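Number of protein chains: 2
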Amino acid sequence: MAHPGTHSPRLWVWLLLVVVSRTVEPVCGVWPLPQQIHQSPDRYSLSPQLFSFTYGKDSAAQTGCSVLDAAFKRYFSIIFPDFTKGPENGLRYWSESKPFVVSVSVKSRGCDGYPDEDSDESYNLSVSDGQAVLRSVTVWGSLRGLESFSQLVYQDDYGSYFLNKTEIVDFPRFAFRGLLLDTSRHYLPLHAILKTLDAMAYSKLNVFHWHIVDDPSFPYQSRTFPDLSNKGAFHPFTHIYTQSDVMRVIEHARMRGIRVVPEFDSPGHTQSWGKGQPDLLTPCYKGDVPSGSFGPVDPTVDTTYKFMERLLKEVKYVFPDSYVHLGGDEVSFACWQSNPNVRKFMGKMGFGKDFTKLESFYMESIMNMTAALNKTSIVWQDVFDYRERPRAKYVVEVWKQGCYLCEMRRVTKAGLKVILAAPFYLDLPIPTHSWARYYIVRPLAFKDSTGHGSGDLEG
Amino acid sequence: MAHPGTHSPRLWVWLLLVVVSRTVEPVCGVWPLPQQIHQSPDRYSLSPQLFSFTYGKDSAAQTGCSVLDAAFKRYFSIIFPDFTKGPENGLRYWSESKPFVVSVSVKSRGCDGYPDEDSDESYNLSVSDGQAVLRSVTVWGSLRGLESFSQLVYQDDYGSYFLNKTEIVDFPRFAFRGLLLDTSRHYLPLHAILKTLDAMAYSKLNVFHWHIVDDPSFPYQSRTFPDLSNKGAFHPFTHIYTQSDVMRVIEHARMRGIRVVPEFDSPGHTQSWGKGQPDLLTPCYKGDVPSGSFGPVDPTVDTTYKFMERLLKEVKYVFPDSYVHLGGDEVSFACWQSNPNVRKFMGKMGFGKDFTKLESFYMESIMNMTAALNKTSIVWQDVFDYRERPRAKYVVEVWKQGCYLCEMRRVTKAGLKVILAAPFYLDLPIPTHSWARYYIVRPLAFKDSTGHGSGDLEG
Chain A
119 MAHPGTHSPR LWVWLLLVVV SRTVEPVCGV WPLPQQIHQS PDRYSLSPQL FSFTYGKDSA
179 AQTGCSVLDA AFKRYFSIIF PDFTKGPENG LRYWSESKPF VVSVSVKSRG CDGYPDEDSD
239 ESYNLSVSDG QAVLRSVTVW GSLRGLESFS QLVYQDDYGS YFLNKTEIVD FPRFAFRGLL
299 LDTSRHYLPL HAILKTLDAM AYSKLNVFHW HIVDDPSFPY QSRTFPDLSN KGAFHPFTHI
359 YTQSDVMRVI EHARMRGIRV VPEFDSPGHT QSWGKGQPDL LTPCYKGDVP SGSFGPVDPT
419 VDTTYKFMER LLKEVKYVFP DSYVHLGGDE VSFACWQSNP NVRKFMGKMG FGKDFTKLES
479 FYMESIMNMT AALNKTSIVW QDVFDYRERP RAKYVVEVWK QGCYLCEMRR VTKAGLKVIL
539 AAPFYLDLPI PTHSWARYYI VRPLAFKDST GHGSGDLEG
Chain B
119 MAHPGTHSPR LWVWLLLVVV SRTVEPVCGV WPLPQQIHQS PDRYSLSPQL FSFTYGKDSA
179 AQTGCSVLDA AFKRYFSIIF PDFTKGPENG LRYWSESKPF VVSVSVKSRG CDGYPDEDSD
239 ESYNLSVSDG QAVLRSVTVW GSLRGLESFS QLVYQDDYGS YFLNKTEIVD FPRFAFRGLL
299 LDTSRHYLPL HAILKTLDAM AYSKLNVFHW HIVDDPSFPY QSRTFPDLSN KGAFHPFTHI
359 YTQSDVMRVI EHARMRGIRV VPEFDSPGHT QSWGKGQPDL LTPCYKGDVP SGSFGPVDPT
419 VDTTYKFMER LLKEVKYVFP DSYVHLGGDE VSFACWQSNP NVRKFMGKMG FGKDFTKLES
479 FYMESIMNMT AALNKTSIVW QDVFDYRERP RAKYVVEVWK QGCYLCEMRR VTKAGLKVIL
539 AAPFYLDLPI PTHSWARYYI VRPLAFKDST GHGSGDLEG
C-alpha cells in the first residue's frame, strides 16, 4: 500500500478518467432489459413545464382513449416526482430548456378492452432532441413503452431532469409474466393489492394471478353463494373482497395492461369453502363413523358439480380474462380413502384403489365446465401428472421443486402450454431460493423447447 | 364567589347528579337530527366479533347488491374503528357480550342504478336487544339508515362499544342537499374529492355539485375536445380529470347515494375554454380594433351552438345524473357591447341595447339542447331574472345575497323548482357568514311556500 498522503500520478489520472467517464456515460437503467437498446452520450435536458405527451397523427387511439389518457397523467407524475405547479407559481424556465414532446402512436385502438393472452406488447421507442416517438400495435405495447421511457429520465444533484438519445426495440420474451398473491392465508386490504399492481407495471409483469381463496379463508364475496365469505372469510365484513372491490382491482390492472386471473383451487385447499357450503367437502371417517373433520371436495355426489358449475358461471361473469385457474394441487387422499361412500364410488367407476383417477375424474369435469364457458383452464402440475392425455386443452403450471425442466419438457411434448413457477417462490428461504438465483433460471433450457414458455412469480 | 376550598353541600349534590345522569343519558348524536327519534337509557353492549349485517328475508336486495355489500364492509370499519383481527388472534369475547345483528330490508332492488331527483331516501330503524331492523324503500334509504345506525354506537373509556335502545323514523326535509366544489380556481386531486364524498355521506348530503370548469382552468378532459384541457387546464397531464377519474368520482358517489351534477358554466366564466377552442369567445374591441382580450362565449355565431351541442352530448354520455348545471351567472356585457358584430346581431334580432335579451337568447338555446338530450337544466338565478317566462322547465339556483327569500318566492310562483345557495357560501367571512348562521336560515319562510325546496352548500 502507498503511504497515505502520497499518490502516484498514474492513480490520479485514473480517478480523473472515472469522473469524466461518469458524466458522459448514458444511463442504462431500463428494466427488464429491452430486446435492443442503443444509447448515446448525447444528453437532453427536460423541463416539466415544457414537457408533453401527445397522440401521433396517424395513431388509431386519440384523446378519449381511457388507458392512454390515464397513463399520460400517471407517467407525468412518475417522471417528474417533485413537480408541483399552481397558477400562482407561474412558469419557470431554465435557459437551456426547450419543449419536449412524447408522441404515441397505436395501430389498433382497443382502449376499452382487456389485455389477454394474445395481446401484442411490442413497441419501438426513439428518443432524440426535443422529442420521443413511441410506436406500438396495441395500447398495451404503449404502456410498456411509456414505462421504459419513464425509466430513461434521471435527475442530477441539482434536481434537473435529463435523458439521453436512445433507440429501443422491445417485445416480451414471455407472454405470461405473472405474480401470485395469496389472499387466503393472509388477507390483503384492497390498497395493498392496488399498490402491488403499480409495482408489477414498473417491472412489466402482465398477469396478476389472484390466489383468492384457500384452506384458511374465503374472502371472495360471491353473489351466488354469499355464505362462502359470510362463514369462510376471516371476517364477513372487513376481510372480504366485495364485487366492487374486485371491479376496482380489475380496472386498476387493466389500466396498467395487467390481466387478472383468479384461482379457485379445488378439490384440495378448500377447508374454508366447507364452512359456507355444508355438503361440499368429504366427511372423513374414523373406522365406521364420521370423525367430524372434512377432507377435499366430495367428487362422488352430483351436488358438488352443480355447485361448481354455478360458481364458475359467476367467475366467468365477474372476471373478464380468458383464463381461470382451477388449482388441483396437493390433494390428500387419506380422507377419501376413509369414506365408505367414496370407496363404493371408486369401485363402481372401476378406479380400483387409484385415487389419482378420482381426482382426474373431478378435474376433468370442472375443466369441461370451464371450456363450455369459453374459458381456458390453468391447473397445477399434479393434474397433468396424474393423467397425461386429457381431452381438453389446458395450461399446466409447474410448481414442484426437483427437475422442473423435465416436467416442462413432458408438458410441452404433450402439446400443452406451460407456466413455470417452481424456481420463483419468493417466500422460500435461501440458499435454495434467493433473489440472485432467479436470474440464473433458464426456463427454456430443456430439450424440444419451442422457444415459447412463461413464468409466474409466487408472491 | 365562595372562598376556594369551601364548597356548599348543595353544590356537591349537584355535581353528583351530573355524574349520575351522564352515565344513564342516551346518546343523541344522530346528525342531521332525524324526523323522529326516541331513545331510552337501556343500553346494549356490542362486540365486534359478534356483530353482523344481514339482508332481511323479505328484502328485495340480497347479497350481490353492490351498493349494500360495499356499505356493510365500509360501515363495519366505521362503527368499530379500532377493530383489527387476524386468524392468529382468535376470538375475544366479553363475558357480557352477545350477538348483535343489523337486518336490512329494501322494498325495491335497484342496486345497480344511480340515485336521482325522485329517489326515496326514507328509512325506519329500530334498535333493540341483540338486533337492529332497518327498513327502506330503496338502497339509498338503507344507506341513510346505516349512517344513522353508525352514529348511535359509542365507546366508553375502556374502548367497549355500546348503543341504546332507539327508534328512528326518518326522511329528508329537502330532496336536493348539495355541496359545491370548485375545481377550476383550485385543482383538487382525485383523492380529495373522494374524501369529500365520504364526508358528505356522514352528513347525509346527496348531491355533489361539481363546478368543474371556470375562468381560471378547464381540468375536465373532454373526449370530443381534448384541447380544452390540453390548453385550458393548469397543467395538461397532472391537473386534469381523465375519463377514468370522472368514472371513479361517479362510482364512489353512487356507492354513497350521492348524485354527481356537473356544471359547465357559460357564457361567462369561460376564459379557460377560449384557450383550446379559438373562435368560441367574443373578441373585445377598443374603438374599431380588437383589443386582444376576450369576453364571454360569442352568442352570435353558429359555430358556438355546434360546439355546445357536441359538448353537451358528451356530458350526457359521461354523467348519468338527470341534471346538468349550465351556469349563466355574472355575464359582463362590456365586451359584447364593444364588438361591432355583436351590436349588428343585436339590431338584427331587435334586442335594442338590452344585452340581457342576448344572454337569454343564448341560454334558451343551450337549455333547449339540454332538454332535447333528456336532461334537466339548472341555471343560476341571473337567467331567471332576465326572462321570467321561459318555455322549458328548468331549475333555478339562488345565489345572490339580499332578499333571497323574495327570489325564492318569485321562482316558485313561476312554477319552477329552486335551489337555495345564497346564505351558505362557506368561503365568505364572518359576521355575515359564520357556521352558526347556517342554522338560522329558514329556506321555506316565504309566502306561498309549498313546503318544497332545496339547499346547496357552496364549498
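In order, the protein sequence lines correspond to chains A and B. Per the numbering used here, the first sequence starts with residue 119, numbered consecutively. Per the numbering used here, the second sequence starts with residue 119, numbered consecutively. Backbone N, C-alpha and C define an ideal beta-carbon position, used for all residues, glycine too. Quick caveat: nothing in here was measured; it's all calculated off a predicted structure.
How would you list, in chain order, the residues of chain A whose beta-carbon sits under 7 angstroms from the beta-carbon of M485(B)? Residues of chain A passing the Cβ test: none, with the nearest at roughly 26 angstroms.
How many Å lie between F292(A) and I330(B) at the Cα? A straight-line Cα-Cα distance of about 44 angstroms links F292(A) and I330(B).
Alpha carbon to alpha carbon, how far is G231(B) from N486(A)? Give it in angstroms, no decimals. N486(A) and G231(B): Cα-Cα distance of roughly 35 angstroms.
Start and end residues, beta strand (DSSP E) containing Q157(A): Unbroken beta strand (DSSP E) run through Q157(A): 154-164.
Identity of the residue in Q455(B), A178(B), S266(B), C183(B) nearest V287(B) by Cα: Of the candidates Q455(B), A178(B), S266(B), C183(B), S266(B) places its Cα closest to the Cα of V287(B).
Which class does T474(A) belong to by DSSP, given the choice of helix, strand or coil? T474(A) falls in the helix class under three-state DSSP.
N- and C-terminal bounds of the beta strand (DSSP E) containing E381(A): Run containing E381(A): 377-384, per the beta strand (DSSP E) assignment.
Measuring CA to CA, which of V529(A), V255(A), A351(A), L168(A) is closest to Y241(A)? Ranking V529(A), V255(A), A351(A), L168(A) by CA distance to the CA of Y241(A) puts V255(A) first.
Pair every Cβ in the segment 212-227 of chain B with every Cβ in the segment 153-171 of chain B, then say whether three or more of these pairs are closer than 8 angstroms. The answer is yes - the segment 153-171 of chain B touches the segment 212-227 of chain B, with three or more Cβ pairs under 8 angstroms.
Own chain partners of T421(B) with C-beta closer than 7 angstroms, once the 5 adjacent residues on each side are dropped: Same-chain partners within the cutoff: D397.
So is V449(A) buried or exposed if we call it buried at 16+ other beta carbons inside 10 Å? A buried status is given to V449(A), since no fewer than 16 other beta-carbon atoms sit within 10 Å of its beta-carbon.
Using a Cβ-Cβ cut-off of 8 angstroms, state whether S278(A) counts as contacting chain B. It does not; no Cβ of chain B falls within 8 angstroms.
Beta-carbon proximity list for M426(B), same chain, < 6 angstroms, skipping 5 on both sides: I484.
I'd like the list of long-range same chain contacts for V559(A), defined as Cβ closer than 6 angstroms, with 5 residues on each side in sequence excluded. These residues qualify, in order along the chain: P541.
What three-state label does DSSP hand W498(B) in the structure shown? When DSSP states are grouped into helix, strand and coil, W498(B) belongs to the strand group.
Could you list the residues in the segment 162-191 of chain B with a C-beta less than 7 angstroms from some C-beta on chain A, going in chain order? Within the segment 162-191 of chain B, those residues whose Cβ lies closer than 7 angstroms to any Cβ of chain A are, in chain order, S170, F171, T181, G182, S184, D187, A188, F190, K191.
Partners in chain A for S362(B), counting only beta-carbon separations shorter than 8 angstroms: Within 8 angstroms Cβ-Cβ: S184, D187, A188, E369, M373.
In this structure, how does DSSP classify A178(B) when only helix, strand and coil are distinguished? It is coil, neither helix nor strand.
Do you know offhand how far S495(A)'s Cα is from F190(A)'s? Take the alpha-carbon of S495(A) and the one of F190(A): they are about 35 angstroms apart.
Between which two residues does the beta strand (DSSP E) carrying T360(B) extend? Annotation for T360(B): no beta strand (DSSP E) segment contains it, and DSSP assigns it neither H nor E.
By how many angstroms is the C-alpha of H304(A) removed from the C-alpha of P408(A)? Each residue's alpha carbon lies about 30 angstroms from the other.
Any C-beta of chain B sitting closer than 8 angstroms to the C-beta of F194(A)? At least one beta carbon of chain B lies nearer than 8 angstroms to the beta carbon of F194(A).
Is DSSP giving P541(B) helix, strand or coil here? P541(B): helix per DSSP, three-state reduction.
I want to verify the contact list: residues of chain B whose CB lies under 7 angstroms from the CB of R341(A), in sequence order. Per Cβ cutoff of 7 angstroms: T181, G182.
Can you say whether E372(B) is buried or exposed, counting buried as having 16 or more other CB atoms within 10 angstroms of its CB? Checking the sequence shown, residue 372(B) turns out to be Arg, not Glu. So R372(B) counts as buried.
Are any of the Cβ atoms in chain A nearer than 8 angstroms to that of P408(B)? No, its Cβ sits nowhere closer than 8 angstroms to a Cβ of chain A.
Decide if G147(B) is buried, meaning its Cβ has at least 16 other Cβ atoms within 10 Å, or exposed. With fewer than 16 other Cβ atoms within 10 Å, it is exposed.
If the cut is a Cβ gap below 8 angstroms, which residues of chain A does I358(B) touch? Residues of chain A passing the Cβ test: K191.
When you compare each of L476(A), Q249(A), T530(A) to D416(A) by their alpha carbons, which one comes out closest? The option with the nearest alpha carbon to D416(A) is L476(A).
Given S362(A) as reference, the closest of R377(A), L346(A), R341(A) once Cα atoms are compared: Taking only the C-alpha atoms, the option nearest S362(A) is R341(A).
I'd like to know whether the C-beta atoms of L98(B) and T488(B) end up nearer to each other than 8 angstroms. Since the first and last residues shown for chain B are 119 and 577, residue 98(B) lies out of range.
Would you kindly work out how many angstroms separate the C-alpha atoms of S440(A) and E235(A), rounded to a whole number? Each residue's Cα considered, the two are about 8 angstroms apart.
So, is the C-beta of F437(A) closer than 8 angstroms to a C-beta in chain B? Chain B has no Cβ within less than 8 angstroms of the Cβ of F437(A).
Proximity of D333(B) and T388(B) at Cβ, strictly below 8 angstroms: With a cutoff of 8 angstroms on beta-carbon distance, D333(B) and T388(B) are scored as near each other.
Inter-residue CB distance, V257(A) and A351(A) (contact presumed, cutoff 8 angstroms): Not really, about 36 angstroms apart at Cβ, beyond 8 angstroms.
Endpoints, the beta strand (DSSP E) within which F171(B) is located: Where F171(B) is concerned, the enclosing beta strand (DSSP E) starts and stops at 169-173.
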